[in-house]
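**Q** In this text, residue positions in the sequence shown follow our numbering: the first is -6, and each later residue adds one.
Pasting in a structure now, in structure tokens, and then I'll have a few things to ask.
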Amino acid sequence: MDTWPRTSAVGQLTMTLPVAVIALAIPFGFVVDDLPQAVRFAPFVVSVGLFGLPHGAVDHLMPLRLGDASLKRSLTVVSVVYAILGGLYLVVWAVSPAVALLAFIGMTWFHWGQGDAFALRAFGEAAHIRTRSDRWASLVVRGGLPMLVPLLGQPEGYRRVVNGIIALFDPAATAALAPLFRLDTRLALGVGFGVFTLSSLLWTARHVWGGDISAAGIAWDAVEIGVLWVFFWLVPPVFAVGLYFAIWHSVRHIGRLAIVDPAARDALDAGEWPTVLWRFYRDAAPLTVASLALFAGLYVWVPTDGSLNALLAIYLVGIAVLTLPHVAVVTWMDRQQYGDSGITDRQ
């Protein structure tokens, strides 16, 4: 797998910029709840057109750019994957929204973890993530930070979002997730995840202690993990997860898309960022518009009161339906870029 140094243009955009934005946003945790609802929801609103929603709208070109498929076959295969997986998942939402919501949390945990695991290797000089076990440890920690830590630090805000989504389909089903918010449950999850976070860093540090790689990569890894722990603990979930989605996860995936597009890659080497972004938005435009049509269909299908909370819930259900096939495509990308083992080494 090709790598770019953190000091390169793509490294600065995908690694340094997200950390800086998230770190600067931490103080908002003390004032966000006092701001108008529109401000708290702003990151999700921005994600519709900026980086969030479009970042997954280039999936239809991945078999063309990473495999040997023609454009027609690439479009056809990915369209079928989206239609089947997205359609089946939508049925689950209608039949059992609590199960669908838990699946969404687990799926996002995996996907955001796999996105960071790749970015660390490709752009973050993370030579300490070199085996399959290293990658899985990093994936679990990185995905758990945005999905689990808000539950630990901001349980009431987390509950409002979860219950709001489930209530779109079956208000009574919200009771099924009540045990998740109990103090003993959250305490067990917090201790377990905290121990795992430290253990994962110690586990991957064995490569540094072996003397064959620099400690810089793991130091940056630890800094990012620390910043995200504090950010998701202090900042209310709607603002925190929305900002992370738009500025961290999506930006890092867009960097990944750029390095597999030959023309964008040449533009990266020449420092021509406008060309890179123009090609990304050009490629993402058709499926971004199609996604908006999905959201409109959900709005018509599921009764709501038209409030911002209800609109956010509709948006998140739509994102969930799109995420399942997107995860399938990105997992295939991992296999193409890492190799059949999913990682360079098999240990």
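Glycine residues also receive a C-beta, built at the ideal position from the N, C-alpha and C atoms.
Quick caveat: nothing in here was measured; it's all calculated off a predicted structure.
Closest to Trp271 by CA distance: which of Gly60, Leu43, Ile158, Leu195 is it?
**A** The residue with the shortest Cα to Cα distance from Trp271 is Leu43.
**Q** Is Val223 helix, strand or coil by DSSP?
**A** Note: Val223 maps to helix in three-state DSSP.
**Q** Thinking C-beta only, is Ala115 closer than 8 Å to Gly210?
**A** No, the pair does not count as a contact, with Cβ atoms beyond the cut-off.
**Q** Would the beta-carbon of Val24 fall within 8 Å of that of Pro229?
**A** No.
**Q** Taking C-beta to C-beta, are Leu291 and Ile307 nearer than 8 Å?
**A** Yes, the Cβ-Cβ distance between Leu291 and Ile307 is below 8 Å.
**Q** Touch check for the stretch 202 to 216 and the stretch 165 to 185: three-plus C-beta pairs under 8 Å?
**A** No, the stretch 202 to 216 is not in contact with the stretch 165 to 185.
**Q** Select from Gly4, Asp276, Val314, Ala35 the residue whose C-alpha is nearest the C-alpha of Leu68.
**A** Residue Asp276 is the option with its Cα nearest to Leu68.
**Q** Run through DSSP, which three-state label would Val228 get?
**A** It is coil, neither helix nor strand.
**Q** Whose C-alpha, out of Leu287, Arg245, Ala16, Trp266, is nearest the C-alpha of Gly117?
**A** Nearest C-alpha to Gly117: Arg245.
**Q** Could you work out which residue in Arg125, Pro90, Arg199, Phe189 is closest to Ala169 when comparing CA atoms only?
**A** Comparing Cα-Cα distances from Ala169 to each of Arg125, Pro90, Arg199, Phe189, the minimum goes to Pro90.
**Q** Would you tell me roughly how many angstroms separate the C-alpha atoms of Asp333 and Ile122, rounded to the nearest one?
**A** Interpretation of Asp333 is limited by its pLDDT of 45, a score under 50 that renders its predicted location unreliable; no figure is taken from the coordinates.
**Q** Starting from the C-beta of Pro139, find all residues in its chain whose C-beta is less than 7 Å away, skip the five residues before and the five after it, and write them out in chain order.
**A** Once the five neighbours on either side are set aside, the close Cβ partners of Pro139 are Trp105, Phe225, Val234, Tyr237.
**Q** Indicate whether the contact test is met: 3 or more Cβ pairs, each with one atom in the stretch 277 to 285 and one in the stretch 80 to 97, closer than 8 Å.
**A** Short answer: they don't touch.
**Q** Cα separation between Arg58 and Phe111?
**A** Straight-line Cα distance between these residues: approximately 17 Å.
**Q** CA-CA distance, Leu280 and Asp177?
**A** Spanning the two alpha carbons is a distance of roughly 43 Å.
**Q** Where Trp325 and Asp27 are concerned, what is the direct C-alpha to C-alpha distance, given to the nearest angstrom?
**A** Trp325 and Asp27: Cα-Cα distance of roughly 43 Å.
**Q** Please list the terminal residues of the continuous alpha helix (DSSP H) segment that includes Arg199.
**A** Residues 199 to 202.
**Q** Quick one: Cα of Ile293 to Cα of Gly136, how far?
**A** Reading off the sequence shown, one finds Val at residue 293, where the question assumed Ile. Approximately 32 Å between the Cα atoms of the pair.
**Q** Are the Cβ atoms of Gly264 and Thr7 separated by less than 8 Å?
**A** No, Cβ-Cβ distance for Gly264 and Thr7 is not below 8 Å.
**Q** Considering only residues of the same chain and omitting the five flanking positions on each side of Asp314, which have a CB-CB separation below 6 Å?
**A** The question names Asp, yet the displayed sequence has Val at residue 314. Hits under 6 Å: Gly79, Tyr82, Leu83.
**Q** Give the range of the alpha helix (DSSP H) segment to which Ala283 is assigned.
**A** 266 to 294 is the extent of the alpha helix (DSSP H) around Ala283.
**Q** From the DSSP output, in three-state form, read off Ala13 for me.
**A** Here Ala13 sits in helix by DSSP.
**Q** Below 7 Å CB to CB, which residues in the same chain sit around Met100 once its five sequence neighbours on both sides are set aside?
**A** Cβ within range, chain order: Thr316, Leu317, Val320.
**Q** Might you give, ordered along the chain, the residues of its own chain that have their beta carbon closer than 7 Å to the beta carbon of Trp241, omitting 5 neighbours on each side?
**A** So the list reads Pro11, Ile15, once near-sequence residues are dropped.
**Q** On the three-state DSSP scale, how would you describe Pro56?
**A** Here Pro56 sits in helix by DSSP.
**Q** So Phe21 packs on Val231, CB below 8 Å; how close in whole Å?
**A** About 12 Å separates the two Cβ atoms, so there is no contact after all.
**Q** For Pro296 and Asp163, I'd like the C-alpha separation in whole angstroms.
**A** Whole-angstrom Cα-Cα distance: 11 Å.
**Q** Taking the C-alpha atoms as reference points, what is the distance between Val201 and Phe103?
**A** Going from the Cα of Val201 to the Cα of Phe103 covers about 26 Å.
**Q** Can you tell me the Cα-Cα spacing of Arg152 and Val310, whole angstroms?
**A** Computed Cα separation, rounded: 16 Å.
**Q** Could you tell me the alpha carbon to alpha carbon distance between Gln5 and Asp52, rounded to whole angstroms?
**A** Between Gln5 and Asp52, the C-alpha separation is close to 24 Å.
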